[in-house]
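Asks: Residue numbers (the UniProt record's numbering): 1 to 497. Cβ atoms here follow ideal geometry from the backbone N, Cα and C, with glycine treated the same way. Since we're looking at a predicted model, the values are computed, not measured.
1. Which residues does DSSP pair with residue 160 in a beta bridge?
2. What residues are listed by DSSP as bridge partners for residue 154?
3. Would you kindly report the start and end of the unbroken alpha helix (DSSP H) that includes residue 102?
4. What is the C-beta distance between residue 274 and residue 93, in whole angstroms, given that I count them as a contact (C-beta under 8 angstroms)?
5. Below 8 angstroms CB to CB, which residues in the same chain sit around residue 73 once its five sequence neighbours on both sides are set aside?
6. Tell me, which residues are paired with residue 389 by DSSP?
7. May I ask you to report which of helix, strand or coil DSSP gives residue 82?
8. If we call anything under 9 angstroms between Cβ atoms a contact, is residue 362 one with residue 400?
9. Assuming residue 223 is part of the alpha helix (DSSP H), what are its boundary residues?
10. Could you check which residue in 147, 90 and 408 has the C-alpha nearest to that of residue 199?
11. Would you kindly report the start and end of the unbroken beta strand (DSSP E) that includes residue 93?
12. To the nearest angstrom, how far is it from the Cα of residue 141 to the Cα of residue 155?
13. I need the boundaries of the alpha helix (DSSP H) containing residue 186, first residue and last residue.
14. Helix, strand or coil, according to DSSP, for residue 180 in the structure here?
15. Helix, strand or coil for residue 358 per DSSP?
16. By the 10 Å Cβ neighbour count, where 16 or more other Cβ atoms means buried, how is residue 383 classified, buried or exposed?
17. Closest to residue 354 by CA distance: which of 344, 87, 368 and 331 is it?
18. For residue 317, name the three-state secondary structure that DSSP assigns.
19. Taking C-alpha atoms, which residue in 237, 171, 430 and 318 lies nearest to residue 349?
20. Is the beta carbon of residue 51 less than 9 angstroms from the beta carbon of residue 265?
21. When the Cα of residue 503 is compared with those of 76, 71, 69 and 276, which residue comes out closest?
22. State the Cα-Cα distance for the pair residue 300 and residue 370, rounded to the nearest angstrom.
23. Check each candidate in 356, 44, 109 and 84 and name the one with the smallest Cα separation from residue 518.
24. Since residue 45 is in the alpha helix (DSSP H), which residue starts that stretch and which ends it?
25. What are the boundary residues of the beta strand (DSSP E) that includes residue 124?
26. Please confirm whether residue 223 and residue 278 have their CB atoms less than 9 angstroms apart.
27. What's the gap between the Cα of residue 491 and the Cα of residue 364?
28. Within the same chain, show all residues whose beta-carbon is closer than 8 angstroms to that of residue 520, passing over the 5 residues directly before and after it, in chain order.
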(Lines of atoms letter the chains of each structure in order from A; the text may use other names.)
(Lines give C-alpha, C1' and ligand atoms only; values in the text may rest on other atoms or scores of the structure.)
Protein backbone atom coordinates (compact mmCIF):
# COMPACT_ATOMS: atom_id res chain seq x y z
CA UNK A 1 0.00 0.00 0.00
CA UNK A 2 2.92 2.36 0.62
CA UNK A 3 4.03 1.82 -2.98
CA UNK A 4 0.53 2.70 -4.20
CA UNK A 5 0.52 5.99 -2.31
CA UNK A 6 3.94 6.92 -3.67
CA UNK A 7 2.85 6.17 -7.23
CA UNK A 8 -0.30 8.29 -6.98
CA UNK A 9 1.34 11.15 -5.10
CA UNK A 10 4.18 11.22 -7.60
CA UNK A 11 1.69 11.60 -10.48
CA UNK A 12 -0.53 14.22 -8.88
CA UNK A 13 -0.53 16.46 -11.95
CA UNK A 14 -0.02 13.87 -14.68
CA UNK A 15 -1.80 10.67 -15.61
CA UNK A 16 -0.32 7.63 -13.80
CA UNK A 17 1.34 5.09 -16.06
CA UNK A 18 -0.27 2.10 -14.37
CA UNK A 19 -3.72 1.37 -13.03
CA UNK A 20 -4.66 1.06 -9.36
CA UNK A 21 -6.84 -1.49 -7.63
CA UNK A 22 -10.35 -0.03 -7.35
CA UNK A 23 -10.40 -0.19 -3.55
CA UNK A 24 -7.03 1.58 -3.35
CA UNK A 25 -8.19 4.37 -5.68
CA UNK A 26 -11.37 4.75 -3.65
CA UNK A 27 -9.54 4.88 -0.33
CA UNK A 28 -6.92 7.31 -1.60
CA UNK A 29 -9.52 9.81 -2.78
CA UNK A 30 -11.75 9.23 0.24
CA UNK A 31 -8.88 10.05 2.59
CA UNK A 32 -8.14 13.30 0.76
CA UNK A 33 -11.79 14.35 0.80
CA UNK A 34 -11.87 14.04 4.58
CA UNK A 35 -10.11 17.41 4.68
CA UNK A 36 -13.08 19.12 3.01
CA UNK A 37 -15.54 20.96 5.22
CA UNK A 38 -18.79 19.32 6.31
CA UNK A 39 -21.51 20.46 3.84
CA UNK A 40 -24.19 20.41 6.55
CA UNK A 41 -22.13 22.86 8.62
CA UNK A 42 -21.36 25.07 5.63
CA UNK A 43 -23.54 28.04 6.51
CA UNK A 44 -21.99 30.12 3.74
CA UNK A 45 -23.88 28.32 1.00
CA UNK A 46 -27.48 28.51 -0.18
CA UNK A 47 -27.04 25.17 -1.93
CA UNK A 48 -29.08 22.16 -0.80
CA UNK A 49 -27.05 19.61 1.16
CA UNK A 50 -29.71 17.03 2.04
CA UNK A 51 -32.45 15.19 0.17
CA UNK A 52 -34.60 12.20 1.00
CA UNK A 53 -33.08 8.75 0.31
CA UNK A 54 -35.85 7.96 -2.19
CA UNK A 55 -34.82 10.96 -4.29
CA UNK A 56 -31.16 9.99 -3.95
CA UNK A 57 -32.08 6.61 -5.47
CA UNK A 58 -33.88 8.23 -8.41
CA UNK A 59 -30.87 10.44 -9.08
CA UNK A 60 -28.48 7.49 -8.89
CA UNK A 61 -30.54 5.57 -11.45
CA UNK A 62 -30.43 8.54 -13.82
CA UNK A 63 -26.71 9.30 -13.58
CA UNK A 64 -26.05 7.78 -17.00
CA UNK A 65 -28.79 9.77 -18.74
CA UNK A 66 -27.74 12.74 -20.87
CA UNK A 67 -30.60 15.19 -20.61
CA UNK A 68 -30.01 16.63 -24.08
CA UNK A 69 -30.87 13.27 -25.72
CA UNK A 70 -34.55 14.15 -25.72
CA UNK A 71 -35.55 11.57 -28.32
CA UNK A 72 -33.90 8.76 -26.34
CA UNK A 73 -35.25 10.00 -22.99
CA UNK A 74 -38.66 11.52 -23.81
CA UNK A 75 -40.07 11.06 -20.31
CA UNK A 76 -37.21 13.03 -18.79
CA UNK A 77 -38.00 15.81 -21.26
CA UNK A 78 -41.66 15.62 -20.26
CA UNK A 79 -40.71 15.97 -16.57
CA UNK A 80 -38.68 19.07 -17.41
CA UNK A 81 -41.64 20.58 -19.26
CA UNK A 82 -43.90 19.87 -16.30
CA UNK A 83 -41.45 21.66 -13.99
CA UNK A 84 -41.33 24.70 -16.30
CA UNK A 85 -45.13 24.90 -16.29
CA UNK A 86 -45.36 24.50 -12.52
CA UNK A 87 -42.86 27.32 -12.01
CA UNK A 88 -44.53 29.58 -14.59
CA UNK A 89 -47.88 29.18 -12.85
CA UNK A 90 -46.31 29.61 -9.42
CA UNK A 91 -45.04 32.98 -10.68
CA UNK A 92 -48.45 33.95 -12.11
CA UNK A 93 -47.49 33.81 -15.79
CA UNK A 94 -50.52 34.94 -17.84
CA UNK A 95 -51.35 31.48 -19.22
CA UNK A 96 -54.74 30.40 -20.47
CA UNK A 97 -56.18 27.21 -19.07
CA UNK A 98 -54.11 24.48 -20.66
CA UNK A 99 -51.53 27.04 -21.81
CA UNK A 100 -47.87 26.06 -21.96
CA UNK A 101 -45.22 27.92 -19.99
CA UNK A 102 -42.10 29.20 -21.72
CA UNK A 103 -38.83 28.32 -20.05
CA UNK A 104 -35.91 25.95 -19.70
CA UNK A 105 -33.85 24.03 -17.19
CA UNK A 106 -30.25 25.18 -16.77
CA UNK A 107 -27.19 24.07 -14.84
CA UNK A 108 -27.83 26.94 -12.42
CA UNK A 109 -29.00 30.52 -12.22
CA UNK A 110 -25.83 31.76 -13.91
CA UNK A 111 -26.77 30.06 -17.18
CA UNK A 112 -30.40 31.11 -16.70
CA UNK A 113 -29.34 34.74 -16.38
CA UNK A 114 -27.19 34.53 -19.50
CA UNK A 115 -30.16 33.21 -21.48
CA UNK A 116 -32.56 35.83 -20.13
CA UNK A 117 -30.04 38.60 -20.78
CA UNK A 118 -29.52 37.42 -24.36
CA UNK A 119 -33.27 37.46 -24.96
CA UNK A 120 -33.48 41.06 -23.73
CA UNK A 121 -30.49 42.12 -25.82
CA UNK A 122 -31.79 40.51 -29.01
CA UNK A 123 -35.27 42.02 -28.62
CA UNK A 124 -33.74 45.47 -28.04
CA UNK A 125 -31.50 45.10 -31.10
CA UNK A 126 -34.41 44.06 -33.33
CA UNK A 127 -36.49 47.01 -32.15
CA UNK A 128 -33.64 49.48 -32.72
CA UNK A 129 -32.95 48.09 -36.19
CA UNK A 130 -36.62 48.40 -37.12
CA UNK A 131 -36.56 52.04 -35.98
CA UNK A 132 -33.37 52.74 -37.93
CA UNK A 133 -31.45 53.60 -34.76
CA UNK A 134 -27.97 52.53 -33.54
CA UNK A 135 -27.92 49.21 -31.74
CA UNK A 136 -24.25 48.84 -30.81
CA UNK A 137 -24.25 50.22 -27.25
CA UNK A 138 -26.71 48.22 -25.12
CA UNK A 139 -26.72 48.64 -21.35
CA UNK A 140 -28.50 47.14 -18.38
CA UNK A 141 -29.25 48.67 -14.99
CA UNK A 142 -28.56 46.77 -11.76
CA UNK A 143 -27.62 47.40 -8.17
CA UNK A 144 -23.97 47.04 -7.23
CA UNK A 145 -25.04 44.11 -5.03
CA UNK A 146 -25.70 41.78 -7.98
CA UNK A 147 -24.11 38.36 -8.16
CA UNK A 148 -20.96 38.07 -10.27
CA UNK A 149 -22.80 36.24 -13.07
CA UNK A 150 -24.30 39.58 -14.12
CA UNK A 151 -20.83 41.03 -14.53
CA UNK A 152 -19.91 37.97 -16.58
CA UNK A 153 -22.94 38.45 -18.82
CA UNK A 154 -22.08 42.11 -19.39
CA UNK A 155 -18.45 41.25 -20.13
CA UNK A 156 -19.01 38.20 -22.33
CA UNK A 157 -21.85 39.68 -24.38
CA UNK A 158 -20.63 43.28 -24.51
CA UNK A 159 -23.35 45.02 -22.54
CA UNK A 160 -22.54 48.05 -20.40
CA UNK A 161 -23.48 47.67 -16.73
CA UNK A 162 -24.95 50.77 -15.10
CA UNK A 163 -24.86 50.11 -11.37
CA UNK A 164 -26.83 51.79 -8.62
CA UNK A 165 -24.46 52.15 -5.68
CA UNK A 166 -25.61 51.06 -2.25
CA UNK A 167 -25.66 53.51 0.65
CA UNK A 168 -24.88 53.17 4.34
CA UNK A 169 -28.56 52.82 5.20
CA UNK A 170 -29.86 51.06 2.05
CA UNK A 171 -28.15 47.81 1.13
CA UNK A 172 -30.11 46.97 -2.04
CA UNK A 173 -30.86 48.75 -5.31
CA UNK A 174 -32.90 51.93 -4.92
CA UNK A 175 -35.70 51.77 -7.56
CA UNK A 176 -35.80 55.55 -8.02
CA UNK A 177 -32.07 55.76 -8.70
CA UNK A 178 -32.29 52.73 -10.99
CA UNK A 179 -34.95 54.33 -13.19
CA UNK A 180 -32.89 57.53 -13.36
CA UNK A 181 -30.13 55.49 -15.07
CA UNK A 182 -32.46 54.05 -17.71
CA UNK A 183 -32.02 55.43 -21.23
CA UNK A 184 -32.92 54.46 -24.80
CA UNK A 185 -30.11 51.88 -24.86
CA UNK A 186 -31.24 50.03 -21.73
CA UNK A 187 -32.19 46.43 -22.51
CA UNK A 188 -33.63 45.76 -19.04
CA UNK A 189 -33.45 46.54 -15.34
CA UNK A 190 -32.45 43.66 -13.06
CA UNK A 191 -34.09 43.39 -9.65
CA UNK A 192 -32.92 40.90 -7.03
CA UNK A 193 -35.29 38.86 -4.92
CA UNK A 194 -32.85 37.92 -2.17
CA UNK A 195 -29.56 39.79 -2.09
CA UNK A 196 -26.48 37.60 -1.78
CA UNK A 197 -25.15 39.93 0.91
CA UNK A 198 -28.04 40.08 3.38
CA UNK A 199 -30.98 38.19 1.85
CA UNK A 200 -33.08 41.33 1.39
CA UNK A 201 -35.78 41.56 -1.29
CA UNK A 202 -35.63 44.54 -3.62
CA UNK A 203 -38.83 46.52 -4.20
CA UNK A 204 -39.85 45.13 -7.59
CA UNK A 205 -43.36 46.58 -7.39
CA UNK A 206 -42.11 50.14 -6.96
CA UNK A 207 -39.55 49.60 -9.72
CA UNK A 208 -42.35 48.44 -12.02
CA UNK A 209 -44.48 51.52 -11.26
CA UNK A 210 -41.63 53.97 -11.82
CA UNK A 211 -40.49 52.24 -14.99
CA UNK A 212 -44.03 52.16 -16.39
CA UNK A 213 -44.19 55.92 -15.92
CA UNK A 214 -40.84 56.47 -17.64
CA UNK A 215 -41.78 54.21 -20.55
CA UNK A 216 -45.02 56.17 -21.00
CA UNK A 217 -43.15 59.47 -21.00
CA UNK A 218 -40.42 58.39 -23.44
CA UNK A 219 -42.06 55.79 -25.65
CA UNK A 220 -39.46 53.21 -24.63
CA UNK A 221 -40.22 49.59 -23.77
CA UNK A 222 -37.76 48.74 -21.01
CA UNK A 223 -38.66 45.61 -19.09
CA UNK A 224 -37.60 43.97 -15.83
CA UNK A 225 -35.77 40.73 -15.16
CA UNK A 226 -36.10 39.35 -11.63
CA UNK A 227 -33.08 37.46 -10.35
CA UNK A 228 -34.91 35.21 -7.91
CA UNK A 229 -32.07 32.71 -7.56
CA UNK A 230 -32.44 32.67 -3.77
CA UNK A 231 -35.92 34.04 -3.14
CA UNK A 232 -37.91 32.46 -5.95
CA UNK A 233 -38.81 29.39 -3.91
CA UNK A 234 -39.27 31.39 -0.70
CA UNK A 235 -41.54 34.33 -1.50
CA UNK A 236 -44.46 32.40 -3.08
CA UNK A 237 -44.85 30.25 0.02
CA UNK A 238 -44.40 32.62 2.96
CA UNK A 239 -45.01 36.03 1.35
CA UNK A 240 -47.83 35.18 -1.09
CA UNK A 241 -49.17 38.75 -1.20
CA UNK A 242 -45.80 40.24 -2.14
CA UNK A 243 -46.00 41.37 -5.78
CA UNK A 244 -42.69 40.75 -7.51
CA UNK A 245 -43.43 38.29 -10.33
CA UNK A 246 -45.51 38.21 -13.54
CA UNK A 247 -48.35 39.94 -11.73
CA UNK A 248 -46.33 43.06 -12.56
CA UNK A 249 -46.68 43.86 -16.28
CA UNK A 250 -43.05 44.83 -16.91
CA UNK A 251 -41.57 41.63 -15.47
CA UNK A 252 -40.59 39.75 -18.63
CA UNK A 253 -38.43 36.93 -17.24
CA UNK A 254 -37.43 35.31 -13.96
CA UNK A 255 -34.62 32.96 -12.99
CA UNK A 256 -34.56 30.73 -9.93
CA UNK A 257 -32.11 28.18 -8.54
CA UNK A 258 -33.55 24.74 -8.03
CA UNK A 259 -30.46 23.81 -6.05
CA UNK A 260 -31.10 26.51 -3.44
CA UNK A 261 -34.55 26.75 -1.90
CA UNK A 262 -35.88 24.53 -4.68
CA UNK A 263 -34.36 21.83 -2.44
CA UNK A 264 -32.34 19.94 -5.07
CA UNK A 265 -28.62 19.15 -5.05
CA UNK A 266 -26.40 21.34 -7.26
CA UNK A 267 -26.73 22.14 -10.04
CA UNK A 268 -30.07 23.00 -11.55
CA UNK A 269 -31.60 26.35 -12.33
CA UNK A 270 -34.66 27.55 -14.19
CA UNK A 271 -35.55 30.47 -16.41
CA UNK A 272 -39.14 31.32 -17.35
CA UNK A 273 -40.49 34.02 -19.63
CA UNK A 274 -43.76 35.87 -19.41
CA UNK A 275 -44.79 34.69 -22.88
CA UNK A 276 -43.37 33.32 -26.10
CA UNK A 277 -43.09 36.91 -27.39
CA UNK A 278 -40.35 37.59 -24.84
CA UNK A 279 -38.09 34.83 -26.19
CA UNK A 280 -36.92 35.64 -29.74
CA UNK A 281 -37.34 32.65 -32.03
CA UNK A 282 -33.93 33.15 -33.64
CA UNK A 283 -32.23 32.28 -30.34
CA UNK A 284 -33.75 28.79 -30.42
CA UNK A 285 -31.77 26.16 -32.33
CA UNK A 286 -33.29 23.08 -33.92
CA UNK A 287 -31.19 19.93 -34.23
CA UNK A 288 -31.94 16.44 -35.55
CA UNK A 289 -28.70 14.51 -35.16
CA UNK A 290 -29.89 12.81 -31.98
CA UNK A 291 -32.75 11.12 -33.80
CA UNK A 292 -35.53 13.73 -34.06
CA UNK A 293 -36.05 17.45 -34.40
CA UNK A 294 -35.30 19.07 -31.05
CA UNK A 295 -35.48 22.69 -29.95
CA UNK A 296 -32.47 23.86 -27.94
CA UNK A 297 -31.88 27.13 -26.11
CA UNK A 298 -28.92 26.56 -23.81
CA UNK A 299 -25.34 27.72 -23.50
CA UNK A 300 -24.06 24.20 -22.93
CA UNK A 301 -25.17 20.96 -24.54
CA UNK A 302 -24.69 17.75 -22.58
CA UNK A 303 -25.76 17.65 -18.95
CA UNK A 304 -27.03 15.08 -16.50
CA UNK A 305 -30.74 14.40 -16.17
CA UNK A 306 -30.62 13.63 -12.44
CA UNK A 307 -31.24 17.16 -11.17
CA UNK A 308 -34.26 17.71 -13.40
CA UNK A 309 -35.76 14.43 -12.17
CA UNK A 310 -34.99 15.41 -8.58
CA UNK A 311 -36.74 18.77 -9.03
CA UNK A 312 -39.87 17.05 -10.29
CA UNK A 313 -39.70 14.65 -7.32
CA UNK A 314 -39.62 17.56 -4.88
CA UNK A 315 -42.52 19.31 -6.60
CA UNK A 316 -44.86 16.32 -6.46
CA UNK A 317 -43.55 15.05 -3.11
CA UNK A 318 -43.93 18.34 -1.23
CA UNK A 319 -46.53 20.31 -3.12
CA UNK A 320 -47.40 23.85 -2.11
CA UNK A 321 -48.09 22.98 1.52
CA UNK A 322 -44.84 21.04 1.90
CA UNK A 323 -42.71 23.89 0.56
CA UNK A 324 -44.63 26.35 2.71
CA UNK A 325 -43.99 24.29 5.85
CA UNK A 326 -40.25 24.02 5.12
CA UNK A 327 -39.86 27.74 4.37
CA UNK A 328 -41.79 28.73 7.48
CA UNK A 329 -39.54 26.47 9.54
CA UNK A 330 -36.45 28.07 7.97
CA UNK A 331 -37.83 31.51 8.78
CA UNK A 332 -38.53 30.50 12.40
CA UNK A 333 -35.00 29.14 12.82
CA UNK A 334 -33.57 32.33 11.32
CA UNK A 335 -35.56 34.37 13.83
CA UNK A 336 -34.33 32.19 16.72
CA UNK A 337 -30.73 32.59 15.60
CA UNK A 338 -31.14 36.34 15.20
CA UNK A 339 -32.57 36.65 18.72
CA UNK A 340 -29.64 34.70 20.15
CA UNK A 341 -27.12 36.89 18.32
CA UNK A 342 -28.86 40.08 19.46
CA UNK A 343 -28.74 38.89 23.09
CA UNK A 344 -24.95 38.98 23.05
CA UNK A 345 -25.16 42.76 22.69
CA UNK A 346 -22.13 42.72 20.38
CA UNK A 347 -23.70 42.74 16.92
CA UNK A 348 -25.76 44.81 14.52
CA UNK A 349 -28.26 42.82 12.45
CA UNK A 350 -28.11 43.71 8.75
CA UNK A 351 -30.65 41.24 7.34
CA UNK A 352 -34.36 42.07 7.14
CA UNK A 353 -37.45 40.39 8.55
CA UNK A 354 -38.89 40.01 5.03
CA UNK A 355 -36.45 38.23 2.78
CA UNK A 356 -34.56 35.00 2.32
CA UNK A 357 -34.02 33.16 5.66
CA UNK A 358 -30.56 34.58 6.21
CA UNK A 359 -29.01 36.21 9.27
CA UNK A 360 -26.37 38.80 8.38
CA UNK A 361 -24.64 40.61 11.22
CA UNK A 362 -21.59 42.72 12.01
CA UNK A 363 -19.64 43.60 15.14
CA UNK A 364 -20.54 46.85 16.85
CA UNK A 365 -16.93 47.20 17.99
CA UNK A 366 -14.15 45.55 16.00
CA UNK A 367 -11.23 47.16 17.82
CA UNK A 368 -10.24 43.97 19.67
CA UNK A 369 -11.05 41.43 16.93
CA UNK A 370 -12.93 41.56 13.66
CA UNK A 371 -15.39 39.46 11.69
CA UNK A 372 -12.64 37.55 9.90
CA UNK A 373 -11.11 36.44 13.20
CA UNK A 374 -14.52 35.39 14.50
CA UNK A 375 -15.15 33.40 11.32
CA UNK A 376 -11.79 31.65 11.73
CA UNK A 377 -12.51 30.87 15.39
CA UNK A 378 -15.88 29.32 14.50
CA UNK A 379 -14.13 27.19 11.90
CA UNK A 380 -12.21 25.44 14.71
CA UNK A 381 -15.52 23.89 15.82
CA UNK A 382 -16.51 22.90 12.28
CA UNK A 383 -18.81 25.82 11.41
CA UNK A 384 -18.22 27.56 8.08
CA UNK A 385 -19.57 31.09 8.56
CA UNK A 386 -18.26 33.50 5.91
CA UNK A 387 -16.91 36.94 6.69
CA UNK A 388 -16.91 39.40 3.81
CA UNK A 389 -17.27 43.05 2.87
CA UNK A 390 -20.46 44.67 1.64
CA UNK A 391 -20.90 45.55 -2.04
CA UNK A 392 -18.95 48.42 -3.67
CA UNK A 393 -19.45 51.84 -2.09
CA UNK A 394 -20.01 50.15 1.28
CA UNK A 395 -16.89 48.00 1.38
CA UNK A 396 -15.79 49.42 4.72
CA UNK A 397 -18.63 47.39 6.26
CA UNK A 398 -17.64 43.84 7.20
CA UNK A 399 -20.27 41.27 8.01
CA UNK A 400 -20.93 37.60 8.72
CA UNK A 401 -23.75 35.60 7.14
CA UNK A 402 -25.59 32.45 8.16
CA UNK A 403 -27.85 30.86 5.54
CA UNK A 404 -30.70 28.92 7.09
CA UNK A 405 -31.43 25.85 4.98
CA UNK A 406 -33.90 23.00 5.40
CA UNK A 407 -31.29 20.85 7.18
CA UNK A 408 -30.39 23.57 9.71
CA UNK A 409 -32.47 22.38 12.66
CA UNK A 410 -33.31 24.20 15.88
CA UNK A 411 -30.83 21.91 17.64
CA UNK A 412 -28.05 23.02 15.29
CA UNK A 413 -29.17 26.61 15.78
CA UNK A 414 -28.77 26.30 19.55
CA UNK A 415 -25.40 24.59 19.14
CA UNK A 416 -24.18 27.36 16.85
CA UNK A 417 -25.15 29.98 19.43
CA UNK A 418 -23.25 28.06 22.11
CA UNK A 419 -20.17 27.82 19.91
CA UNK A 420 -20.50 31.50 18.98
CA UNK A 421 -20.51 32.41 22.67
CA UNK A 422 -17.39 30.32 23.27
CA UNK A 423 -15.68 31.84 20.23
CA UNK A 424 -16.42 35.37 21.45
CA UNK A 425 -15.06 34.62 24.92
CA UNK A 426 -11.94 33.07 23.42
CA UNK A 427 -11.28 36.08 21.20
CA UNK A 428 -11.98 38.51 24.03
CA UNK A 429 -9.56 36.62 26.27
CA UNK A 430 -6.92 36.63 23.54
CA UNK A 431 -7.42 40.36 23.02
CA UNK A 432 -6.90 41.08 26.71
CA UNK A 433 -3.77 38.93 26.84
CA UNK A 434 -2.36 40.57 23.73
CA UNK A 435 -3.12 44.08 24.94
CA UNK A 436 -1.63 43.21 28.32
CA UNK A 437 1.69 42.24 26.78
CA UNK A 438 1.78 45.25 24.47
CA UNK A 439 0.57 47.75 27.04
CA UNK A 440 3.01 46.60 29.71
CA UNK A 441 5.90 46.83 27.28
CA UNK A 442 4.84 50.28 26.13
CA UNK A 443 4.31 51.46 29.67
CA UNK A 444 7.83 50.33 30.59
CA UNK A 445 9.25 52.11 27.55
CA UNK A 446 7.20 55.24 28.19
CA UNK A 447 8.36 55.42 31.81
CA UNK A 448 11.93 54.94 30.63
CA UNK A 449 11.54 57.89 28.28
CA UNK A 450 12.04 55.86 25.10
CA UNK A 451 10.75 57.27 21.81
CA UNK A 452 7.97 55.12 20.31
CA UNK A 453 5.65 55.33 17.33
CA UNK A 454 2.64 57.36 18.47
CA UNK A 455 0.10 55.35 16.49
CA UNK A 456 1.27 52.13 18.11
CA UNK A 457 1.18 53.76 21.53
CA UNK A 458 -2.26 55.18 20.88
CA UNK A 459 -3.71 51.76 20.07
CA UNK A 460 -2.18 50.28 23.22
CA UNK A 461 -3.46 53.14 25.36
CA UNK A 462 -6.99 52.70 24.04
CA UNK A 463 -6.83 49.02 24.93
CA UNK A 464 -5.41 49.85 28.33
CA UNK A 465 -8.14 52.37 29.00
CA UNK A 466 -10.75 49.63 28.62
CA UNK A 467 -9.00 47.41 31.16
CA UNK A 468 -6.63 49.41 33.40
CA UNK A 469 -6.05 46.33 35.54
CA UNK A 470 -3.81 44.87 32.85
CA UNK A 471 -1.11 47.20 34.13
CA UNK A 472 0.65 46.38 37.34
CA UNK A 473 -1.18 49.29 38.96
CA UNK A 474 -3.75 51.92 38.07
CA UNK A 475 -1.24 54.64 38.83
CA UNK A 476 1.26 53.22 36.37
CA UNK A 477 -1.43 52.99 33.69
CA UNK A 478 -2.51 56.56 34.19
CA UNK A 479 1.08 57.79 34.15
CA UNK A 480 1.72 56.02 30.82
CA UNK A 481 -1.42 57.59 29.39
CA UNK A 482 -0.39 61.07 30.54
CA UNK A 483 3.05 60.62 28.99
CA UNK A 484 1.46 59.63 25.68
CA UNK A 485 -0.87 62.64 25.74
CA UNK A 486 2.00 65.00 26.47
CA UNK A 487 4.00 63.61 23.54
CA UNK A 488 1.02 63.81 21.16
CA UNK A 489 -0.04 67.26 22.34
CA UNK A 490 -3.49 66.01 23.30
CA UNK A 491 -5.34 67.62 26.19
CA UNK A 492 -7.34 65.73 28.76
CA UNK A 493 -11.03 65.45 27.92
CA UNK A 494 -13.48 63.17 29.70
CA UNK A 495 -11.24 60.43 31.05
CA UNK A 496 -8.80 58.34 29.07
CA UNK A 497 -10.98 57.92 25.95
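Replies: From the atom records:
1. Along the chain shown, read from residue 1 onward, the residue named residue 160 stands at position 160. Residue 160 pairs with 139.
2. Counting from 1 along the chain shown, the entry for residue 154 is found at position 154. In DSSP, residue 154 forms no bridge with anything.
3. As a working note, residue 102 is residue 102 in the chain shown. It is not in any alpha helix (DSSP H) - residue 102 instead sits in the beta strand (DSSP E) that spans 102-106.
4. Position 274 of the chain shown holds residue 274. Position 93 of the chain shown holds residue 93. The pair is a contact, with the Cβ atoms about 6 angstroms apart (cut-off 8 angstroms).
5. On the chain shown, residue 73 is found 73 positions in, with the first residue counted as 1. So the qualifying residues of the chain are 65, 66, 67 and 305.
6. Position 389 of the chain shown, counted from the first residue, corresponds to residue 389. Looking at the DSSP assignment, residue 389 forms a beta bridge with 398.
7. Within the chain shown, numbered from 1, the residue matching residue 82 stands at position 82. If DSSP states are grouped into helix, strand and coil, residue 82 belongs with the helices.
8. Along the chain shown, one-based indexing puts residue 362 at 362. Along the chain shown, one-based indexing puts residue 400 at 400. Going by C-beta atoms, residue 362 is nearer than 9 angstroms to residue 400.
9. In the chain shown, the residue the question calls residue 223 occupies position 223. No alpha helix (DSSP H) holds residue 223; the beta strand (DSSP E) holding it covers 223-227.
10. Counting from one through the chain shown, the residue named residue 199 turns up at place 199. When each option's Cα is compared against that of residue 199, the closest is 147.
11. Along the chain shown, one-based indexing puts residue 93 at 93. No beta strand (DSSP E) contains residue 93, which DSSP labels as neither H nor E.
12. Mapped onto the chain shown, residue 141 falls at position 141. Mapped onto the chain shown, residue 155 falls at position 155. Between residue 141 and residue 155, the C-alpha separation is close to 14 angstroms.
13. Counting from one through the chain shown, the residue named residue 186 turns up at place 186. Per DSSP, residue 186 belongs to no alpha helix (DSSP H); it is in the beta strand (DSSP E), 186-192.
14. Walking along the chain shown from the start, residue 180 turns up at place 180. DSSP places residue 180 in helix when its eight states are reduced to three.
15. Looking up residue 358 in the chain shown gives position 358. Residue 358 falls in the strand class under three-state DSSP.
16. Here residue 383 corresponds to residue number 383 of the chain shown, with the count starting at 1. Its Cβ being crowded by 16 or more others within 10 Å, residue 383 is buried.
17. Working through the chain shown from its first residue, we reach residue 354 at position 354. The option with the nearest alpha carbon to residue 354 is 331.
18. Looking up residue 317 in the chain shown gives position 317. Looking at residue 317 - three-state DSSP - the assignment turns out to be helix.
19. As a first step, residue 349 must be located in the chain shown, where it is residue number 349. Nearest C-alpha to residue 349: 171.
20. Position 51 of the chain shown, counted from the start, is the residue given in the question as residue 51. Position 265 of the chain shown, counted from the start, is the residue given in the question as residue 265. Closer than 9 angstroms, so yes.
21. Any answer about residue 503 is impossible in this case: the structure gives the chain only from 1 up to 497.
22. Taking the first residue of the chain shown as position 1, residue 300 is located at position 300. Taking the first residue of the chain shown as position 1, residue 370 is located at position 370. Taking the straight line joining both Cα atoms gives about 42 angstroms.
23. Absent from the model: residue 518. The displayed extent of the chain is 1 to 497, so no value can be given.
24. Position 45 of the chain shown, counted from the first residue, corresponds to residue 45. Looking at the DSSP string, residue 45 is not in any alpha helix (DSSP H), and its letter there is neither H nor E.
25. As a first step, residue 124 must be located in the chain shown, where it is residue number 124. Looking at the DSSP string, residue 124 is not in any beta strand (DSSP E); the run it does join, the alpha helix (DSSP H), is 109-130.
26. One-based indexing of the chain shown puts residue 223 at position 223. One-based indexing of the chain shown puts residue 278 at position 278. It is a contact, given that the beta carbons lie within the stated cut-off.
27. Counting from one through the chain shown, the residue named residue 491 turns up at place 491. Counting from one through the chain shown, the residue named residue 364 turns up at place 364. At residue 491 the pLDDT is 43, less than 50, meaning the model places this residue with poor confidence and gives no usable figure here.
28. The chain is shown from 1 up to 497; residue 520 falls before or after that span and cannot be answered.
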